[in-house]
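In this text, residue positions in the sequence shown follow our numbering: the first is 72, and each later residue adds one. Every residue gets a Cβ at the ideal spot worked out from N, C-alpha and C, and that includes glycine.
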Amino acid sequence: MLTDTQKPDLYDLSREALGALLASWGAPRTLTLELWHALYRQWVTGFEALPLPEALRVRLAAELRWHIPHVSDRLEAPDSATRKDLLELADGQRVEVVLLRYRQRRSACISTQVGCACGCVFCATGGMGFVRQLTPGEIVAQVLHFQRELAAQGESLSNLVLMGMGEPFLNYENTVAALRQLLDPQGLGFPPRRITVSTAGIVPGIRRFAEEGLGINLAISLHAATDELRERLMPINQRYPLGTLFEAARAYAARTGRRVMLEWALIAGVNDSPAQAEALVAQVAELPAHINLILLNPTPAYPEHPATPEAVADFTAVLDAAKIPHTMRQRRGSAIAAGCGQLRAQGR
Ligand code: SAH
Ligand code: SF4
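Take a look at the structure:
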């Protein structure tokens, strides 16, 4: 008999795996689809709510576990537009998920790891170090958490960003398995173009992801356009310097026909100079890219400040002159430490 933590979680199973399991118990094929719909279209939360004959339900409950992460802490911005939930996993570890409400869109920012091994100096998650990988089911469960709640209010999630805690491409298999589950037209059927995966620049991951053919947007956290500066901000740059990173980004764009998003948190006196903007222009010369600028969100362990409006204007003027498309991402959630890079397992 497997102990509870050794059993696979119901959310960890792909539709194929679930079908194979039920078939091995002699269940008719159609049951898999009904079960899948209950899980990913009705977002039910207990074995007793599954549309299965009693004997099968009992067997499923005995052989699998099914953890619905519960909210152990919640922080809501005063305008209710941003909310951060701390979700407790089966082993007591906690991950943060953020719901961003825009006029039209409802966007969820979800995590792929507990902690992160990359150690970017400006990022609170990086400061925790790596704790453990999330399973596919634990990634999927974060999305269902919000979807369930929004549906009860007659709304639904429109966008998904994998920009919470962790580096998705250092948990590659589980992240891609989760994405496939979220994309499944028989389940949540999330449109791939409304999903963005953000990586700190794990080159083998970018190359592999290009071959998956999922049609999902790729964002690369760049933050610096010279190796010298990027190494200081993001240690991962020593392993995958800008030359190899941009080569992989170009291959991704060529393979998928999609623009690559480049994330750049403007830090006063660090990476907000016109010289860095010019280096960026040079780097993106042959890459269909869109630059997503954001102001540095304050974190306790990093003493630097966000760029001033003047510095931002000078920086963007260089991009404009070179006709590089860019947007300044709205700063959201920083008041409740739910902004980019502010997520930490400890919560407040
Ligand atoms: N590990 C992945 C995804 C999670 S981080 C990655 O690094 O891309 C999500 C985004 O927040 C990244 O673009 C990251 O560089 C950015 N970020 C981290 N700390 C930040 C901070 N203090 N201010 C603004 N953005 C930050
Ligand atoms: Fe990890 Fe991304 Fe934070 Fe860097 S920015 S430490 S890769 S979560």
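Can you tell me whether residue i is helix, strand or coil according to DSSP?
i, result
"L111", "In the sequence as presented, Leu is not what sits at residue 111; that position holds Tyr. Note: Y111 maps to helix in three-state DSSP."
"G186", "strand"
"T206", "coil"
"L215", "helix"
"L104", "helix"
"S143", "strand"
"T327", "helix"
"T421", "In this structure the chain extends from 72 to 419, so residue 421 is not present and cannot be described."
"L89", "helix"
"D75", "helix"
"F261", "coil"
"F193", "coil"
"N245", "helix"
"V383", "helix"
"V389", "helix"
"L253", "helix"
"E283", "helix"
From this set, the options, which residue's C-alpha is nearest residue i's C-alpha?
i, options, result
"I273", "D75, F261, L316 and L231", "L316"
"Q175", "V211, E226, E125 and A161", "E226"
"R251", "P263, F240, L241 and N242", "P263"
"L241", "Q347, R400 and Q184", "Q184"
"N149", "L171, F201, G198 and E134", "Reading the sequence as shown, one finds Pro at residue 149 and not Asn. Of the listed residues, the one whose Cα sits closest to P149 is L171."
"S344", "A360, T379, I395 and A222", "T379"
"Y82", "H108, E318, V355 and Y311", "H108"
"E375", "E381, T387, V341 and A384", "V341"
"D75", "A132, G90 and A356", "A132"
"I287", "L254, A372 and A88", "L254"
"V352", "P99, R154 and A393", "A393"
"L259", "A281, L102 and Y111", "Y111"
"G198", "R265, V355, T370 and I277", "T370"
"F261", "A320, A179 and G276", "A179"
"A295", "R329, A346, K155 and T101", "A346"
Opposite residue i in the DSSP bridges: which residues?
i, result
"A290", "S269 and M332"
"N363", "E334 and T398"
"C180", "V169 and V232"
"Y59", "Any property of residue 59 remains undetermined from this structure, which presents the chain solely from 72 to 419."
"R373", "Per the sequence presented here, residue 373 reads as Tyr, with Arg not at that position. Paired residue(s): T370."
"F240", "Per DSSP, none; premise fails for F240."
"L351", "L351 is not bridged to any residue."
"L158", "V142 and V166"
"R136", "D80"
"F201", "G186"
Does the distance from the CB of residue i to the CB of residue j come in under 8 Å?
i, j, result
"S398", "N363", "For the record, residue 398 in the displayed sequence is Thr; it is not Ser. Contact flag set, yes."
"M305", "C187", "no"
"A322", "V331", "no"
"I181", "L231", "yes"
"T246", "D80", "no"
"I307", "C194", "no"
"Q309", "E299", "no"
"W137", "Q218", "no"
"W96", "R130", "yes"
"I365", "A339", "no"
"Y243", "R203", "no"
"S229", "R177", "yes"
"P396", "H361", "yes"
"R348", "L390", "Checking the displayed sequence, the identity of residue 348 turns out to be Ala instead of Arg. It is a contact, given that the beta carbons lie within the stated cut-off."
"P124", "L106", "no"
"L84", "L93", "no"
"A350", "T387", "no"
"E334", "A384", "no"
"M236", "E167", "yes"
"P239", "V268", "yes"
"A212", "I139", "yes"
"T270", "S292", "yes"
"I277", "A319", "yes"
"T101", "R86", "no"
Measuring only between beta-carbons, confirm whether residue i sits less than 8 Å from chain C.
i, result
"V202", "No chain C appears in this structure, which consists of one protein chain only."
For the ligand FAD, any of its heavy atoms closer than 7 Å to the Cβ of residue i?
i, result
"H397", "Questions concerning the ligand FAD fall outside what the structure shown contains, since the ligands it does hold are the ligand SAH and the ligand SF4."
key: Quiz: which residues have CB nearer than 5 Å to the ligand SF4 non-hydrogen atoms   = C187, C189, C191, C194, T196, G197, E238 and A271
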